[in-house]
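Chemist: Under UniProt numbering, think of the first position of the sequence shown as 1, with each following residue one higher. Ideal placement from N, C-alpha and C gives every residue a C-beta, glycine not left out.
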Amino acid sequence: MASEAAPVGTESDQSRPNVARMYDYYLGGCHNFAPDRAAAEQVLSIFPDTPVAAQTNRHFLRRAVRHLATEVGIRQFLDIGAGLPTQGNVHEIVRECAPGSRVVYVDVDPVAVAYARQLLAGAPDTTVLRADVRRPDELLADPEVNRLIDFSEPVAVLLVAVLHFVRDAEDPWASVARLRDEGVPGSALVLSHLTLDGAPPVPAQAGRAVYQQSSAPLVPRTHADISRFFDGYDLVEPGLVWWGDWRPEPAPDGDRPGGVSHGYGGVGLRR
1 MASEAAPVGT ESDQSRPNVA RMYDYYLGGC HNFAPDRAAA EQVLSIFPDT
51 PVAAQTNRHF LRRAVRHLAT EVGIRQFLDI GAGLPTQGNV HEIVRECAPG
101 SRVVYVDVDP VAVAYARQLL AGAPDTTVLR ADVRRPDELL ADPEVNRLID
151 FSEPVAVLLV AVLHFVRDAE DPWASVARLR DEGVPGSALV LSHLTLDGAP
201 PVPAQAGRAV YQQSSAPLVP RTHADISRFF DGYDLVEPGL VWWGDWRPEP
251 APDGDRPGGV SHGYGGVGLR R
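Quick look at the structure:
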């Protein structure tokens, strides 16, 4: 099922594929338009297991958030590049395992923000704002961030499937370091990132070409380059691994619990 109407009060170029709406389509969501679905289908013709990988990434997010809430005791979550609201999002996870936790969702796309505000209206201790991970000072100074997030206490910064849309020239490592420096020791970074490690070069280039026509180019990175985002953090075991291999839970059907992964994920605690 797909939506052909943007939220009231938003302006969106619906003729151009949008990476957040393409991801929503991979996850089986309904907040996408015909150009998003057409581009996503091109990707699926190259990498047919992309929807499974997208679900594996979402499962990684849930396990990481649950770990930080229940095992580490963090009660503040800043989800940057949150995209379109999907079932099992951060505020739903912490509501179950750590009631009273505060969640701030951030995205640069106005339609994603508008949808999130509609769907999360009235949700306690939760807010949504438009900001850009490439401008961390502006993000950290936003009144809505500071209304719910107290940076004198540990906070978890979530950067899940977002930094592979930031070019090297825009120095995403500096942005992550700025967010790290705002937090106190014991704060956390949850990060997942697309890679082409091990992917055949021809289909990999074809997949990237689809995203060149979308709202953001695709910038897959190697394990070594992704590891640099965790400078200043101590990685939680098992470290930076394939999404499905980060503390996998037993699969109900007895199959390997990890699932299909197209990238690496990890959780770090600030020193």
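Roughly how far, in whole angstroms, is the beta-carbon of HIS223 from the beta-carbon of ASP197, given that I think they are within contact range, below 8 Å?
Modeler: Their Cβ separation, rounded to whole angstroms, is 6 Å, which keeps HIS223 and ASP197 in contact under 8 Å.
Chemist: If we count the other Cβ atoms within 10 Å of its Cβ and call it buried at 16 or more, is ASP107 buried or exposed?
Modeler: ASP107 should be labelled buried.
Chemist: Could you give the uninterrupted runs of the beta strand (DSSP E) lying entirely in the region 37-124, keeping only those of 3 residues or more?
Modeler: Listed in chain order, they are 76-80 and 102-107.
Chemist: Report the partner residues of ARG270 according to the DSSP bridge assignment.
Modeler: According to DSSP, ARG270 bridges with TYR233.
Chemist: Could you tell me the alpha carbon to alpha carbon distance between PRO172 and ALA98, rounded to whole angstroms?
Modeler: Rounded to the nearest angstrom, the two C-alpha atoms are 31 Å apart.
Chemist: Thinking just about the alpha-carbon of each residue, which of TYR23, GLY81, LEU140 and ALA123 is nearest to the one in VAL113?
Modeler: Comparing Cα-Cα distances from VAL113 to each of TYR23, GLY81, LEU140 and ALA123, the minimum goes to GLY81.
Chemist: Do TYR233 and GLY186 come within 7 Å of each other at the CB atom, strictly closer than that value?
Modeler: Going by C-beta atoms, GLY186 is not nearer than 7 Å to TYR233.
Chemist: With three or more beta-carbon pairs closer than 8 Å as the criterion, would you say the region 149-164 touches the region 119-129?
Modeler: Short answer: they don't touch.
Chemist: Beta-carbon within less than 6 Å of THR56's beta-carbon, same chain only, minus the 5 sequence neighbours each way: which residues are those?
Modeler: If we look at THR56 and ignore the five residues flanking it on each side, its Cβ neighbours are TRP243, GLY244, GLY259, VAL260 and SER261.
Chemist: List the residues that DSSP assigns as beta-bridge partners of HIS193.
Modeler: DSSP output for HIS193 lists TYR264 as bridge partner(s).
Chemist: Using beta-carbon positions only, say whether PHE77 and TRP246 come within less than 7 Å of one another.
Modeler: No, the Cβ-Cβ distance between PHE77 and TRP246 is not below 7 Å.
Chemist: What does the Cβ neighbour count give for ASP49, buried or exposed, with the cut at 16 atoms within 10 Å?
Modeler: Its Cβ having fewer than 16 others within 10 Å, ASP49 is exposed.
Chemist: Runs of 3 residues minimum, wholly inside the region 147-231: which ones carry the beta strand (DSSP E) assignment?
Modeler: Counting only runs of 3 or more, we get 156-160 and 188-194.
Chemist: Taking its Cβ as the centre, do 16 or more other Cβ atoms sit within 10 Å of VAL184, making it buried, or is it exposed?
Modeler: Looking at its Cβ environment, which holds fewer than 16 other Cβ atoms inside 10 Å, VAL184 is exposed.
Chemist: Using only CA atoms, which one of ARG134, ASP132 and ASN146 lies nearest to THR126?
Modeler: Nearest of ARG134, ASP132 and ASN146 to THR126, Cα basis: ASN146.
Chemist: Using only the alpha-carbon positions, how far apart do LEU240 and SER227 sit?
Modeler: Cα-Cα distance, rounded: 7 Å.
Chemist: Quick one: residues in its chain with C-beta nearer than 6 Å to the C-beta of ASP231, no 5 flanking neighbours on either side, listed in chain order?
Modeler: Correct list: empty, nothing qualifies.
Chemist: So, for TYR26: in the same chain, excluding its five sequence neighbours on each side, which residues have a beta-carbon less than 7 Å away from its beta-carbon?
Modeler: Result list for TYR26: ALA40, THR50, PRO51 and ALA54, in chain order.
Chemist: Compute the Euclidean distance between the alpha carbons of LEU163 and ARG58, then round it to the nearest angstrom.
Modeler: Going by the C-alpha atoms only, they are around 15 Å apart.
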